[in-house]
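*Asks:* Take a look at the following structure, please.
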Amino acid sequence: MSVPTNRPAGKRVLLMGTCLCDAFYDDVARATVEVLEHLGVSVEFPENQTCCGQPAFNSGDWPASRKVARHCAKVFQGDLPVIVPSGSCAAMNFHGNPLQFEKEPDASVDSLAKRTWEVMDFIANGLGVTEWKGGFEKPVRIAFHRSCHSRGSNSGEATLRLLESIKNVEVTVFGQAEQCCGFGGTFSVTFPHISGRMGSLKLDHILESNPDILVSGDMSCLMHLTGLARIQGRGIEHLHAIQILRNSIPGLAPSPA
Amino acid sequence: MSGLQPIELYARTITDEKQASVMDGSSSGTEKRFHVLSEDYEDPDALRRLAGAIKDHTLHHLGDYLAKAEQALTARGVHIHYADTAEDARQAILGILRSHGVQRLTKSKSMAAEEIHLNPFLIENGIECLESDLGEFIIQLDGDEPSHIVKPIIHKNRREIASTFLREGIGGEYNDDPEVITRRARVHLREKYMEAQAGITGANFVCADSGRLVLATNEGNSRFGMAPVPVHIALVGIEKVIPSERDLAVFLNLLGRSATGQQLTVYTEFINGPRSANQPDGPEHMHVVFMDNGRTDVLASDCAEILRCIRCGACQNVCPIYRQASGHAYRSTYGGPVGAVLSPLLFGDRFAELADLPKASTLCGACNEVCPVDIPIPDLLLRLRDKAKRENVPSAASIPMAPFATLATSPSLWRTAMTMSKVMNYLPVDVAPVRPLRDWLGQRTLPEWHGGDFRKWLSKRPKKTTD
């Protein structure tokens, strides 16, 4: 997989909030807005957005996923960059869609592919922010799980660089980092045993590095991993990388509950 | 909603011992590959892409390169046979063996031979056929099936192998020291080599410019198998042709490193043809059987990239599903990511039966990342999922997507559903409507539903204007 070249950047963007943030992780979408605004970017959120269509695409029901993708492309039409706090949904826009529309090209879907950025990639490579001028009072050990759908994109490198530049953040090193967490969307439903074993193994490696927070660019991986961890009695604090950026800026960090 | 996926079911049945063997063997393979490639090359990805491009080029001109290879081989006195199907290949080989009066032979490791179940076929036809690769030899003794492309017995540990040797009376009392096992196999096999009348091999590459066959092995068994016999038969998939000897610089450097983390395999044989007048030994007769067996169908499909495969097994090693389920879960010669693409296509008449294989993936892309010929395996898996759906192949545990598509294209319905979803916070897991979902929730907790909260926050905050 590779990311499109010459994507538009700039200080006006559309936010694709993702269905997971819509349903569970509202604070991730919120942090995305707050961080982008902190960088002087104006963020619009098209109300009619739903999902990128990935569940149907991965299940092989392409007529269904093309229908959702067309809706999505219509909602995000125009020429503004589309920013997504998920490597997986971003890859759906710029890699999955071209694949499923190979035999029936669609101009609006094609346009969406050429304007989509995963948020950390956008901050580092779209806005050119390579150091994050934030920090924490006390040292924080972060285990960064590089989500698989960011393979071949710039998101992993961008996230790592931004996280490592934060004052008092140490990114831990753990074994078999290239291995998938085992979520895979519907895979975790149709292959529950394999998915659970993969997740537990991933947790073993992550926890061995003794992190304070588990961080990723995809809440789907974190939902799966921390859901497993909690049932296994080894819960761990987890945040999206964009929440770390936000929380490291004193004026933006949410006050402790 | 019916049952569970076959690979999932298989993974539930394998013993901890077998799973540990597969896990250890494959993860150490991944580590070794990573280290040797990154130590030796500044940008291994560039090399992988180059190899993929050479293979793609060859596949696009396969007819021309095959004709060229045939011409060069024939000029050196090699007999060429073409086999369209597995049965054609088996009959061609049997015919050659009978014409030379062969009753006993040794065979080195060949995935093409595995693919057509050559060994049992020859034995049925009264020809003694001994596997000379140590792993394949053990598989043969156990009546087992290989579970990995380069490490056929990755699923066995040394204790099991020692028990097999004890049972078969190879080398005396029980001893599970790998060195002792290897030495005992060596003594046993050497006698057999000398009794053989033919040697069967595969080929890793066939150079179209010179007709040279290249075999990469670690045990020297193919070389040993050929030395004392008058007849050599190489069974070769038509996609093994590469344009020129020069290209070996790319492929040999990638093959050993990707397969076993070696810079080069211990033996790399370059076979010119039958023995020449001034060579003291080696086969006087050489036959090459070029086998199609579904390959041209794959070439014509939208998954042709899978024919770039050089059978290194790196995708199997790195695949988390392969590691959990083992190669046997894939019910065909080729397991793991490459098998999930190749098997349903290659054995076209078994497509419906094997259409579940492409589903056994999280589409994580690790296979593509390690592939020495840069095959976009996840894309091919997705295309096969689409094909299965289009052809109405029934699938276990598939989740109907039409309701999702309706919801995701009806924005107001979507928003209502999101807000309503919070009620789920107060419902017990047991009311989940379908079994897989209950299973899912049995292993994991879901986060608290916050449906619609982000939209509410956004609409309530003072509007920010930047321009």
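So the protein sequences, as listed, match chains A and B. To convert, count from 1 in the first sequence and add 837; that's our numbering. To convert, count from 1 in the second sequence and add 588; that's our numbering. For each residue, glycine too, the CB sits at the ideal point set by N, CA and C.
(1) Can you tell me whether M1008(B) is helix, strand or coil according to DSSP?
(2) Are the region 905 to 919 of chain B and the region 592 to 602 of chain B touching by the rule of at least three beta carbon pairs closer than 8 Å?
(3) Within 7 Å: the Cβ of G1064(A) and any heavy atom of the ligand ADP?
(4) A750(B): which of V929(B), L1034(B) and V768(B) sits nearest, CA to CA?
(5) Fully enclosed by the region 789 to 825 of chain B, which alpha helix (DSSP H) runs are 4 residues long or longer?
(6) Between Y629(B), Y781(B), I642(B) and N905(B), which lies nearest to S616(B) when the distance is taken from Cα to Cα?
(7) Do you know how far the Cα of P594(B) is from the Cα of E941(B)?
(8) Along chain A, in chain order, which residues have C-beta atoms closer than 9 Å to that of T1004(B)?
(9) In chain order, what residues of the same chain lie with their CB nearer than 6 Å to the CB of V912(A), ignoring the 5 residues before and after it?
(10) If we count Cβ pairs, one from each stretch, closer than 8 Å, do we get three or more for the region 931 to 948 of chain B versus the region 991 to 1009 of chain B?
(11) For Q851(B) and N792(B), what's the separation of their Cα atoms in angstroms?
(12) Answer yes or no: does any C-beta atom of chain B fall closer than 8 Å to that of D859(A)?
(13) Output needed for G1072(A): all residues of its chain with C-beta closer than 6 Å, excluding positions within five of it in sequence on either side, in chain order.
(14) Along the region 904 to 922 of chain B, where does the CB come closer than 8 Å to a CB of chain A? Name the residues.
(15) Look up G787(B) in the DSSP assignment and give the residues it is bridged to.
(16) Going straight from the alpha carbon of G714(B) to that of V775(B), what length do you get?
(17) Just tell me which of P982(B), L693(B), E872(B) and R621(B) has its CA closest to the CA of H667(B).
(18) On a CA-only basis, which of T1007(B), A985(B) and T921(B) is nearest P740(B)? Give me that one, please.
(19) Let's test the definition: count the other Cβ atoms within 10 Å of the Cβ of Q659(B) and tell me whether it reaches 16, buried, or not, exposed.
(20) H875(A) to A1005(B), Cα distance in whole Å?
(21) Answer with buried or exposed for V850(A), where buried requires no fewer than 16 other C-beta atoms within 10 angstroms of its C-beta.
(22) Please name the residue in E1001(A), P900(A) and T869(A) whose C-alpha comes closest to that of K977(B).
(23) Within 8 Å of any Cβ in chain A, is that where the Cβ of C952(B) sits?
(24) Can you give me the C-alpha to C-alpha distance between N745(B) and S614(B), rounded to a whole angstrom?
(25) When DSSP labels each residue in this structure, what does E539(B) get in the three-state scheme?
(26) Across the region 877 to 897 of chain B and the region 835 to 853 of chain B, are there enough close Cβ pairs to call them in contact, namely three or more that are closer than 8 Å?
(27) Considering only C-alpha positions, which residue in the set D863(A), T842(A), V870(A) and A860(A) is nearest to K848(A)?
(28) In the DSSP assignment, find the beta strand (DSSP E) that holds M874(B) and state where it starts and stops.
(29) Between which two residues does the beta strand (DSSP E) harbouring H875(A) extend?
(30) Please say whether A860(A) and W1028(B) have beta carbons closer to each other than 8 Å?
(31) Mind listing the chain A neighbours of R600(B)? Cutoff is C-beta to C-beta under 8 Å, in chain order.
(32) Using CA atoms only, rank isn't needed, just tell me which of T996(A), P918(A), Q891(A) and G877(A) is closest to R844(A).
(33) Reducing DSSP to helix, strand and coil, say where S751(B) ends up.
(34) By the criterion of Cβ-Cβ separation under 7 Å, what are the contact partners of K780(B) in chain A?
(35) Assess contact between the region 800 to 812 of chain B and the region 683 to 699 of chain B, defined as three or more Cβ pairs (one per stretch) separated by less than 8 Å. Is contact present?
(36) Counting only beta-carbon atoms, is W969(A) nearer than 8 Å to chain B?
*Replies:* Here's the rundown:
(1) Helix, per DSSP.
(2) With a cut-off of 8 Å on Cβ pairs, the region 905 to 919 of chain B is in contact with the region 592 to 602 of chain B, counting three or more such pairs.
(3) Annotation note on the ligand ADP: not contained in the displayed structure, which lists no ligands.
(4) Ranking V929(B), L1034(B) and V768(B) by Cα distance to A750(B) puts V768(B) first.
(5) Taking only runs of at least 4 residues, the alpha helix (DSSP H) segments lying wholly in the region 789 to 825 of chain B are 809 to 814.
(6) Its Cα nearest to that of S616(B), the residue N905(B) stands out among Y629(B), Y781(B), I642(B) and N905(B).
(7) If you take the alpha carbons of E941(B) and P594(B), they lie about 10 Å apart.
(8) Listed by position along chain A, the residues whose Cβ is nearer than 9 Å to that of T1004(B) form an empty set, because the closest Cβ is around 12 Å away.
(9) Within the same chain, and ignoring the five residues on either side of V912(A) in sequence, the residues whose Cβ sits closer than 6 Å to its Cβ are P883, N885 and Q886.
(10) No, they do not touch.
(11) Whole-angstrom Cα-Cα distance: 16 Å.
(12) Closer than 8 Å: yes.
(13) Closer than 6 Å at Cβ, skipping near neighbours: A1066.
(14) Flagged, chain order: V906, P908, I909, Q912 and A913.
(15) T694(B) and H820(B), per the DSSP bridge assignment.
(16) One Cα belongs to G714(B), the other to V775(B), and the distance between them is close to 25 Å.
(17) It is E872(B) whose Cα lies nearest to the Cα of H667(B).
(18) The residue with the shortest Cα to Cα distance from P740(B) is T921(B).
(19) Exposed.
(20) If you take the alpha carbons of H875(A) and A1005(B), they lie about 32 Å apart.
(21) Buried.
(22) With distances taken between Cα atoms, K977(B) lies closest to P900(A).
(23) Output row for C952(B): interface = yes.
(24) Inter-residue distance for N745(B) and S614(B) is about 13 Å (C-alpha atoms, whole angstroms).
(25) Since the first and last residues shown for chain B are 589 and 1055, residue 539(B) lies out of range.
(26) The region 877 to 897 of chain B vs the region 835 to 853 of chain B: no contact.
(27) The shortest CA-to-CA distance from K848(A) to any of D863(A), T842(A), V870(A) and A860(A) is the one to V870(A).
(28) Start and end: H873 to M879.
(29) In the DSSP assignment, H875(A) falls outside any beta strand (DSSP E) and lies within the alpha helix (DSSP H) extending over D863 to H875.
(30) Taking 8 Å as the Cβ cut-off, W1028(B) and A860(A) do not qualify as a contacting pair.
(31) Correct list: H1030.
(32) Taking only the C-alpha atoms, the option nearest R844(A) is P918(A).
(33) Per DSSP, reduced to three states, the secondary structure at S751(B) is helical.
(34) Residues of chain A with a Cβ closer than 7 Å to the Cβ of K780(B) do not exist, since the nearest Cβ in that chain sits about 41 Å away.
(35) Yes: the two stretches touch, three or more of their Cβ pairs being nearer than 8 Å.
(36) Chain B contact via Cβ: absent.
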